[in-house]
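This report refers to the structure that appears directly beneath it.
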Amino acid sequence: MKISKLAQREARQLFHSCQANGLLDENRVRQTATLLLEKKPRGYVEILSRLHRLVKLELERRAARVESAVPLPADLQADVANRIRQIYGPNADITFNQNPALLGGLRVQVGSDLYDGSVRTRLEKLEQSF
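FYI, the numbering for the sequence shown is 524 to 653, going by the numbering used here.
Laid out in structure tokens, this is it:
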């Protein structure tokens with residue numbers, strides 16, 4: 524669906540108004556969506572779809588997924604979480620998962636950024652170099 528420039532601009536303005544101290548406030552997003560649905564201004568469906576996309580991208584940007592071959596000790600989890608929060612801000616949502624296929628090392632994905640220090644990836648790169 525093609526969205527008009529006016530709808531994009533209004534959705535961006537609404538998105539910025541839903542932020543408090545640089546953080547997305549979920550209550551403001553709900554209130555904004557409710558008001559749009561009640562008032563139904565011209566192009567409100569386009570505005571809502573663009574606002575939804577902006578909110579989704581913001582939530583993905585905050586989500587951090589850490590994978591390791593074995594369960595990480597609590598002190599190492601805390602250290603990794605602190606490093607991620609230093610880089611991406613204190614509001615990062617961090618989840619730790621176990622993936623035995625990695626063989627060793629860590630794989631960290633935050634939004635679209637991927638930091639892959641796993642043994643599996645290193646072995647695959649070594650295999651490709653031959």
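Ideal placement from N, C-alpha and C gives every residue a C-beta, glycine not left out. If you're wondering where the values come from, they're calculated on a predicted model, not measured in any experiment.
Residue interval of the alpha helix (DSSP H) (run including residue i)
{"i": "Val593", "result": "Where Val593 is concerned, there is no enclosing alpha helix (DSSP H), given that its DSSP letter is neither H nor E."}
{"i": "Leu646", "result": "Val642 to Ser652"}
Residues that DSSP places opposite residue i in a beta bridge
{"i": "Gln542", "result": "Leu547"}
{"i": "Tyr567", "result": "DSSP lists no partner for Tyr567."}
Nearest candidate by alpha-carbon position, reference residue i, set the options
{"i": "Arg576", "options": "Val552, Gln609 and Pro613", "result": "Val552"}
{"i": "Thr618", "options": "Val633, Gln609, Lys563 and Gly612", "result": "Val633"}
{"i": "Leu559", "options": "Ser652, Arg573, Asn614 and Ala592", "result": "Arg573"}
{"i": "Ile610", "options": "Asp548, Phe538 and Arg585", "result": "Arg585"}
{"i": "Ser591", "options": "Leu529, Gln531, Thr644 and Ala534", "result": "Thr644"}
{"i": "Thr557", "options": "Ala624, Pro613, Leu571 and Pro623", "result": "Leu571"}
{"i": "Ala534", "options": "Val578, Leu599 and Ala587", "result": "Val578"}
Residue i and residue j closer than 7 Å at C-beta
{"i": "Pro594", "j": "Gln621", "result": "yes"}
{"i": "Val642", "j": "Leu626", "result": "yes"}
{"i": "Arg630", "j": "Asp636", "result": "no"}
{"i": "Ala615", "j": "Arg608", "result": "yes"}
{"i": "Glu569", "j": "Ala530", "result": "yes"}
{"i": "Leu547", "j": "Glu583", "result": "no"}
Item to check | Entirely enclosed beta strand (DSSP E) segments - the region 571-635, minimum 3 residues | outcome: Entirely contained in the region 571-635, the beta strand (DSSP E) runs reaching 3 residues are, in chain order, 586-591, 616-621 and 629-633.
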